[in-house]
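Below: the structure, in structure tokens.
Protein chains: 2
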Amino acid sequence: MSATGLPPDFLSRLDGLLGPGGLLTDEADCAPYGIDWRRLFPGRAAAVARPSSTGQVASVVGLCREAGVALVPQGGHTGLAGGATPDASGRQVVLSLARMNAVRAVDPVGLTMEVEAGCVVQAAQAAAEAAGRLFPVSYGAEGSAMVGGMIATNAGGINVLRYGMTRSLVLGLEVVLADGGVVDGLRALRKDNAGYDWKQLFIGSEGTLGIVTAAVLRLVPRPRYTETALLAVPDPEAALRILAAAQDSLGDTIQAFELISRCAFDLLERYAGLSGPLPPSPWCILLEAGSSLSGLRDAVEATLGEALERGDAVDGVFAESKAQAAGLWSLRERITECEAHQGKSVKHDVSVPIPAIPAFLEAADRALAEGAPGTVPNVFGHMGDGNLHYNVLVGPEHDSAAINRLVHDVVDRFAGSISAEHGIGQYRVDELARRRRPEEMALAQRLKRALDPDGLLNPGKVLRV
Amino acid sequence: MSATGLPPDFLSRLDGLLGPGGLLTDEADCAPYGIDWRRLFPGRAAAVARPSSTGQVASVVGLCREAGVALVPQGGHTGLAGGATPDASGRQVVLSLARMNAVRAVDPVGLTMEVEAGCVVQAAQAAAEAAGRLFPVSYGAEGSAMVGGMIATNAGGINVLRYGMTRSLVLGLEVVLADGGVVDGLRALRKDNAGYDWKQLFIGSEGTLGIVTAAVLRLVPRPRYTETALLAVPDPEAALRILAAAQDSLGDTIQAFELISRCAFDLLERYAGLSGPLPPSPWCILLEAGSSLSGLRDAVEATLGEALERGDAVDGVFAESKAQAAGLWSLRERITECEAHQGKSVKHDVSVPIPAIPAFLEAADRALAEGAPGTVPNVFGHMGDGNLHYNVLVGPEHDSAAINRLVHDVVDRFAGSISAEHGIGQYRVDELARRRRPEEMALAQRLKRALDPDGLLNPGKVLRV
């Protein structure tokens, strides 16, 4: 072993495989790859391999296996759970997919698109739009996040209600296995029941079972009409009644049904000077519907009118232009930033069965008031798919891990998930192991051993071997 | 071993586990479980275990493992690939899930439903309808097929274009593993990225990796308006242009886009006396769209009117009532029956990238004309999702396996699938092994070994160990 903790000729062999510009070893060059953007998971990369082809990825993985060196696959490095950040040992190599960024093909009739793992999500969206179609996965980090990371984390975002998570939009996958073998399943087929659908294993497993190098994604038709509205509601029960009524009257034209608490609006006003178009109310709903049919506005107006008549909504406003719609969305999107200005917060990305949301909120608020007095819940999230960002504003005296456990205990009581969309990474490894049933963890271990017997793919993420 | 080829006390121990009515051993009682409904795969069950609970399933699997006896899970036994039929050895035990048929819960707001594996698909649909929602998986066998088999085969059907395959409608799963362990993942969550999504492995793996005992299914809002139309088109290229235009104008309101050849209409007329509402044409399209919005009819009329003006369609008719819509659908649904009256046919359930459909049809027709003169292609299927039933009417002089290979060779040239929705079962095992890349087959073998090391779960299906 050299001073780096790596076998002596490892880096020169890696350099030879990757060619000019393919390997970073300088500490300053490597530093940004070693720490996540929230700076919660400081690590250090021994080197950064930047392959430009699937063949190079396979060679790098093969060499690392031979040398017993661990690899951490990395895309845009925008994750919230430290899933793409190396540990602090300085002995892990980051495998950046950033140079593999081509959009290889777009098929507007078959509604498919083939892209490489390092393609930025926004670039994939733009390629779909240029062909008159929509790639509907959309989330805050889409300007930096890459398709490989989106798939490895099964990213969610604002359109899950209508279009599902990333998983439901992946038709084909090319993967490099832990032994350096390449499995090419880049089929552009909407239906394919020929044998095990092995690609499902790699979606959402955060680079611990294999490395995604390219994918065939599913596109959808672009809705011709979009309606966006903000509604003031007295409580989460009323929000739930509006959701149920909207499912009857608007069906699956509903694209987003976001719940935003008064606390979040207070933060928006204080730190971003955004007051919102409605007088203060305990809760708001941001609803968006889309359709190819021109009757959308009338149907949304009727649905919201009935909610006002019933008293489930106390006030409401429609976006009358794209700019107004963007303004309403910016309220939703700037909450996290304002939360950061406020000070320290303990974040949760949980989901519960949708009808249980009001009871969950009540129980979590009560648990916090009792177990962590002085904290303030700042709740917002994708109510329509059961996913709440139940964040907690805390002072220096509060213990983040204790608050995590307290909130997750309540999630468990409602048979929910402690990671609805952000994944496990290194952040939630212990919480997951503590809470998932032993049979599920044993099954996960079995899959990990079968696909990465030497434990060299993103070790320490999702589960400890 | 006894005369049955089973260990001497095996059946009495099995009987003890299952209680009264739980075990069939009489040859006449077992016979129907031993052969598929098309009578293509004659087998013989040593016994039929009919557990009434997940605990009993686990006990049966545990006992079989201890005794080294193979198990063949079976639901409604309606599959087309022999996936649920035992072999002819008389040493395999059929595990029928039919007694586990409860609908445990329906949640119309959260849009979920928990059902047991033996629940008939139609009963699950009815439970959703009673709650004002839709369970959208729909296929010919739904009156007998069971939820467990639907999941084990990742069933497709007529609504895939809008709602996806079964996989996209499974939120949670309970599975009994090969070692008799139970993994309970019956979470009613729309979003859950907490750890590996292991349930995906069991969906579509045809009972070879584990036994599905219960599931949480996703429901969708019921469309308020449905429009069904039949269009006469000159050729598949014109059909493709209509599909592309409909994606622009009707978006994802399109639920079905079926292609039916003149040959199929001829069979319908000859053997069912059904003439259809349009004069004969080379091809027809059966289009169905659904929406919550009242403007659907106008939009569909405009789209089809433009197709007529462009000459992509030469004639067309709308269903003006539910009865008329059912009449149009019965044309589509009775093709298989009329094909059987005609005589012997060699069936294919293939998919290709959608824009390649016209070229695929031309190439397959040419290959047949050259390689199997005297045969007649009878083509119909789900054009909107790329899945064609490219069936071939043959005489006694033709070799079915050779025709399979001939058609599948053409599928391979278009990077398609030799089993779009029916699965592999025992029918396509060798064709799959011949055609899939060795890396994919090796990965499948690795998963099989990891989850069923003794090879006792549905041996010989999907892949040979």
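First to last, the protein sequences are chains B and U. If you're matching positions, the first sequence starts at 1 in full-length UniProt numbering and goes up one per residue. If you're matching positions, the second sequence starts at 1 in full-length UniProt numbering and goes up one per residue. Glycine is no exception: its CB is placed at the ideal position from the N, C-alpha and C atoms. Note that this is a predicted model, so its numbers are computed, not measured.
Burial check for Ser292 of chain U: the Cβ neighbour count within 10 Å reaches 16 or more, so the residue is buried. Per DSSP, Phe380 of chain B lies in no alpha helix (DSSP H) segment; the continuous beta strand (DSSP E) that holds it begins and ends at Val376 to His382. Ranked by Cα distance from Ala232 of chain B, the first of B:Thr226, B:Tyr225 and B:Leu240 is B:Leu240.
Ranked by Cα distance from Arg224 of chain U, the first of U:Ala58, U:Arg437, U:Gly295 and U:Ala31 is U:Gly295. Contiguous beta strand (DSSP E) elements confined to the stretch 118 to 157 of chain B do not occur, taking only those with 3 or more residues. The C-beta of Pro86 of chain U comes no closer than 9 Å to any C-beta of chain B. Ala45 of chain U: member of the beta strand (DSSP E) spanning Ala45 to Ala49, first to last residue. According to DSSP, residue pairing for Cys284 of chain B in a beta bridge involves B:Ala232 and B:Ile260. Bounds of the beta strand (DSSP E) holding Pro73 of chain B are Leu71 to Gln74. Contact of Ser294 of chain B with chain U by beta-carbon distance below 7 Å involves Gly295. For secondary structure counted as the alpha helix (DSSP H) over 4 or more consecutive residues, the stretch 283 to 364 of chain U holds these complete runs in sequence order: 296 to 310, 322 to 333 and 335 to 342.
Here Asp385 of chain U carries a helix assignment [DSSP, helix/strand/coil].
Straight-line measurement puts the Cα of Asp298 of chain B at about 43 Å from the Cα of Thr375 of chain B. Inter-residue distance for Leu6 of chain B and Leu456 of chain B is about 14 Å (C-alpha atoms, whole angstroms). In the structure shown, Thr54 of chain B falls within a helical segment according to DSSP collapsed to helix, strand and coil. DSSP, reduced to helix, strand and coil, places Ile418 of chain U outside both helices and strands of the structure shown, so it counts as coil.
In this structure, U:Leu463 is the residue among U:Ala31, U:Leu463, U:Phe414 and U:Ala194 with its C-alpha nearest to the C-alpha of Ala444 of chain U.
For Trp198 of chain B, the chain U residues whose Cβ falls inside 8 Å of its Cβ are Glu440, Leu443, Ala444 and Leu447, in order along the chain. At a cut-off of 9 Å between C-beta atoms, Lys347 of chain B does not count as an interface residue with respect to chain U. The beta carbon of Gly386 of chain B sits closer than 9 Å to some beta carbon of chain U. Shown in chain order are the members of the stretch 122 to 146 of chain U whose Cβ falls below 9 Å from a Cβ of chain B: Gly132 and Arg133. The bridge partners DSSP lists for Ala105 of chain U are U:Glu114. With respect to Ala188 of chain B, Ala415 of chain U sits close: the two C-beta atoms are nearer than 9 Å. Its chain contains Leu24, Ala45 and Val48 as the residues whose beta carbon lies nearer than 6 Å to that of Cys30 of chain B, once the 5 sequence neighbours on both sides are disregarded; these appear in chain order. Against chain B, the CB of Gly185 of chain U has a partner CB under 9 Å away; the residue lies at that interface.
Identification of residues in the stretch 395 to 424 of chain B having a C-beta nearer than 9 Å to some C-beta of chain U yields Ala415, Gly416, Ser417, Ile418, Ser419, Ala420, Glu421, His422, Gly423 and Ile424, given in sequence order.
The shortest C-alpha to C-alpha distance from Ser205 of chain B to any of U:Thr208, U:Ala367, U:Lys199 and U:Gly204 is the one to U:Lys199. A direct Cα-to-Cα measurement between Gly185 of chain B and Leu219 of chain B gives close to 18 Å.
Neighbours of Gly181 of chain B across chain U, judged by C-beta separation under 7 Å: Glu439. Pairwise C-beta distances place the stretch 330 to 338 of chain B out of contact with the stretch 82 to 89 of chain U, as fewer than three of them are shorter than 8 Å.
At the C-beta level, Ala84 of chain B and Val72 of chain B come within 9 Å of one another.
When C-alpha distances from Ile151 of chain B are compared across B:Val109, B:Pro108, B:Ala244 and B:Ala215, the shortest belongs to B:Ala215.
When 8 Å is used as the limit between beta carbons, Val109 of chain U is near these residues of chain B: Leu240, Leu243, Ala244, Gln247, Ile354 and Pro355, in chain order.
Taking 9 Å as the CB threshold, Ser351 of chain B lines the interface with chain U. Chain order gives the chain B residues near Gly204 of chain U as Asn193, Tyr196 and Asp197, where near means a beta carbon separation below 8 Å. Note that the C-beta distance between Val106 of chain U and Ala131 of chain U is below 9 Å.
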